[in-house]
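Okay, so here's the structure we're looking at.
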């Protein structure tokens with residue numbers, strides 16, 4: 001065990017910091033602090049341009065192997081990039097799904113044809129992706145998907161509905177889990193299809209959320225089409241691929257997210273100092289506890305960096321989702337009655353109001369708290385299935 | 387940055403795990419806890435003898451092995467698994483304190499040599515009203531210390547005293563005249579305490595004069611905190627293992643009770659607390675030698691996080707065991723009593739949280 005930081009990593013950090021200082025300015029300056037959870041609708045067009053600038057400089061797909069166009073960076077370098085990006089208040093990334101879910105899935109499971117067709121678009125920041133998993137009848141129970149696809153004239157024809165698709169409104173492509181073997185059940189007979197979003201057979205309807213804003217959508221498929229070869233893995237093998245997409249290393253993203261959390265917490269502490277609530281011993285204790293837990297999440301993420309075991313992913317998800325939700329509560333408790341008034345019509349939110357409301361989703365999406373606890377109890381602790 | 391243990395560190399871990407399972411099993415712990423003076427003497431003899439464990443992090447020039455606190459932490463965790471009553475934690479806390487900066491090396495050297503050979507040292511680092519004076523043969527101490535862990539088993543005491551020059555550490559031979567050690571009956575029978583009365587007790591000043599000496603006193607308390615954190619992770623790990631095993635075996639309503647989701651989810655939450663504690667203790671164990679500038683914050687933080695995890699797991703363990711967990715014959719109560727006693731002796735979790743908040747400049 002040696003937790004010291006190498007000289008190479010320190011140099012890499014300096015390189016990233018310098019690039020961000022030189023590039024996140026001028027036309028991109030207004031992007032600082034935009035996007036992110038609860039505010040994904042902000043400055044979409046300029047953020048899409050920024051994604052291309054990142055791609056042109058080689059900052060997308062840092063961890064992917066060189067032979068597919070990545071940079072072959074170590075996990076620690078990926079962490080450093082993400083941390084510096086967050087520290088510079090870089091805008092929420094519009095193609096998180098493409099870079100962290102689709103690209104590694106293509107590298108691991110995709111044919112050479114699909115890799116050549118789709119990886120460059122992700123790495124250049126030119127093609128944005130969304131994820132077509134959840135359905136009205138398939139939330140926590142993903143294997144209950146009913147969206148179906150059948151082959152017609154060398155194309156898949158897709159019928160059905162997805163829901164809770166984040167960033168669907170700006171995505172160019174969607175990876176869709178669909179039932180391609182009629183009569184199949186549960187996790188058998190599914191395929192993992194890559195589908196263009198801009199077509200007649202697709203209808204996107206934004207979901208207005210608890211925040212009054214919309215980053216999630218419903219996506220309706222009515223004879224939506226995609227070429228026969230745009231399937232990752234074999235037809236019928238979609239469940240395995242879908243689980244693979246969810247199983248990639250997540251520690252880098254977790255550590256990056258913590259930089260944003262730190263900034264949110266510092267704002268709450270500053271608010272408490274400003275209005276004197278920090279003198280309330282209970283508020284003071286909650287602030288310190290939040291600070292401590294954020295440190296603990298960092299140690300946990302560093303210790304499990306690079307592991308793909310369910311224990312690490314589920315522990316991390318439970319820790320950060322619960323932490324963030326509590327921070328949302330603390331943030332408005334510190335503000336008191338003034339937190340009940342909005343800054344503007346019709347439903348403009350302050351940052352702490354947005355965190356308070358949006359974090360109710362954190363403990364639900366990407367595997368609810370209850371699902372994470374099932375995973376830990378059954379797959380990690382080995383308790384008998386009920 | 388590498389959290390994984392090296393091959394040598396893993397060897398140490400597996401050697402100790404095997405040793406503890408073989409020689410410090412539940413019956414050995416129970417016998418030592420309930421009878422006699424609360425010391426598993428044969429276990430301690432082997433740990434200090436053939437295994438040379440008290441010298442683990444002592445410099446080879448004083449007869450030690452020269453490892454870092456990370457190795458000490460591994461040993462603490464393994465011994466913590468069974469709550470075996472041996473004075474390892476206090477002894478290594480004293481040894482590591484004496485190996486740091488701000489210590490008068492000439493005075494510390496003979497003590498470190500004795501500890502490396504198996505001498506038991508303990509620490510008195512809490513607030514006290516001990517006073518110093520100059521006697522015929524040098525400095526003498528007067529006053530009383532409560533809650534001295536393993537005090538009745540120790541040869542040597544390292545005590546924090548405010549003297550005319552500020553905070554200082556003094557070494558006291560517990561067998562000397564002017565020292566009275568009274569063993570106390572303790573709720574946690576696996577870590578006994580003593581009251582130590584000093585009446586003109588001869589003592590040696592161990593810290594150098596000035597800021598470095600004062601920093602050494604603070605560091606001693608922080609080392610104790612990290613040691614307790616690392617030990618708590620071992621104790622909590624075993625306690626959760628024991629609980630999960632029981633839930634898989636105990637049948638009610640025709641099925642193992644561990645198949646009920648209400649119990650599963652509680653175990654999952656305990657696992658999250660344990661993993662958090664494990665990461666925190668690991669980080670803190672490295673900070674002791676690897677990033678001492680972080681120790682003042684990380685040490686109370688680690689003690690808080692690991693101590694809370696242990697208490698949560700130990701108290702849930704009794705509830706999840708049901709009636710058997712309430713009996714004297716089951717081990718669950720040892721874990722519970724250890725957890726709460728350790729928290730109370732540290733001044734309580736609110737105190738630790740406050741300390742972190744102050745040291746981090748939040749409050």
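Protein chains in written order, with this note's numbering: chain A, 1 to 386; chain B, 387 to 749.
Don't be surprised by glycine CBs; every beta carbon is placed ideally from N, CA and C.
Computed from a predicted model, the values in this text were never measured in an experiment.
- Burial check for residue 686 of chain B: the Cβ neighbour count within 10 Å reaches 16 or more, so the residue is buried.
- At the C-beta level, residue 410 of chain B and residue 478 of chain B stay beyond 8 angstroms of one another.
- Contacts with chain A at 8 angstroms (Cβ-Cβ) include residue 456 of chain B.
- For residue 681 of chain B, same chain residues with a beta-carbon under 6 angstroms away, outside a window of 5 residues either side, are 608, 673 in chain order.
- Taking a Cβ-Cβ threshold of 7 angstroms, the residues of chain A close to residue 390 of chain B are 1, in chain order.
- Contact residues of the stretch 257 to 271 of chain A toward chain B are 269 (C-beta to C-beta distance below 8 angstroms).
- Taking a contact as a CB-CB distance under 8 angstroms, the pair residue 555 of chain B and residue 546 of chain B counts as one, their CB atoms being some 6 angstroms apart.
- Contact between the stretch 630 to 641 of chain B and the stretch 426 to 443 of chain B is absent: fewer than 3 CB-CB pairs across the two stretches fall below 8 angstroms.
- Rounded to the nearest angstrom, the gap between the Cα atoms of residue 512 of chain B and residue 570 of chain B is 18 angstroms.
- Residues of chain B whose Cβ lies closer than 9 angstroms to the Cβ of residue 386 of chain A are, in chain order, 641, 645, 646, 647, 650.
- Residue 41 of chain A carries a coil assignment under DSSP once its states are collapsed to helix, strand and coil.
- Assignment of residue 85 of chain A by DSSP, reduced to helix, strand and coil, places it in the helix class.
- Within the model, the alpha-carbon separation for residue 3 of chain A versus residue 663 of chain B is close to 17 angstroms.
- By DSSP's assignment, residue 566 of chain B forms a beta bridge with B/583.
- Sequence-ordered contacts of the stretch 660 to 680 of chain B with chain A read 661, 662, 665, 666, 668, 669, 672, 676 [C-beta pairs closer than 7 angstroms].
- Here DSSP, grouped into helix, strand and coil, assigns residue 155 of chain A to strand.
- Closer than 8 angstroms to the CB of residue 687 of chain B there is at least one CB belonging to chain A.
- Rounded to the nearest angstrom, the Cβ distance from residue 303 of chain A to residue 665 of chain B is 4 angstroms, consistent with a contact under 8 angstroms.
- Burial of residue 323 of chain A is indicated by the presence of at least 16 other C-beta atoms within 10 angstroms of its C-beta.
- Judged by DSSP in its simplified three-state form, residue 749 of chain B adopts coil rather than helix or strand.
- One thing to note: residue 661 of chain B has its Cβ no nearer than 8 angstroms to the Cβ of residue 693 of chain B.
- Taking all protein chains in view, the Cβ of residue 215 of chain A is crowded by 16 or more other Cβ atoms within 10 Å, so the residue is classified as buried.
- Contact of residue 748 of chain B with chain A by beta-carbon distance below 7 angstroms involves 269, 287, 288, 291.
- For residue 517 of chain B, the uninterrupted beta strand (DSSP E) segment begins and ends at 517 to 521.
- Interface annotation, residue 657 of chain B: in contact with chain A, CB-CB separation under 8 angstroms.
- For residue 391 of chain B, no alpha helix (DSSP H) run applies, since DSSP gives it neither H nor E.
- In chain order, 154, 155, 156 place their CB closer than 8 angstroms to the CB of residue 227 of chain A, counting only its own chain and leaving out the 5 sequence neighbours on each side.
- DSSP places residue 703 of chain B inside the alpha helix (DSSP H), whose first and last residues are 681 to 707.
- For residue 130 of chain A and residue 102 of chain A, the gap between their C-alpha atoms comes out near 9 angstroms.
- Close to residue 416 of chain B, with beta-carbon spacing below 7 angstroms, lies no residue of chain A; the smallest spacing is near 26 angstroms.
- Within chain A, no residue has its beta carbon less than 7 angstroms from that of residue 628 of chain B; the closest one is some 12 angstroms off.
- Uninterrupted beta strand (DSSP E) stretches at least 3 residues long and entirely within the stretch 479 to 534 of chain B occur at 507 to 510, 517 to 521, given in chain order.
- DSSP, reduced to helix, strand and coil, places residue 432 of chain B within a helical segment of the structure shown.
- When C-alpha distances from residue 70 of chain A are compared across A/165, A/94, A/121, A/93, the shortest belongs to A/121.
- The three-state secondary structure of residue 202 of chain A, taken from DSSP, is strand.
- DSSP lists A/173 as the bridge partner or partners of residue 196 of chain A.
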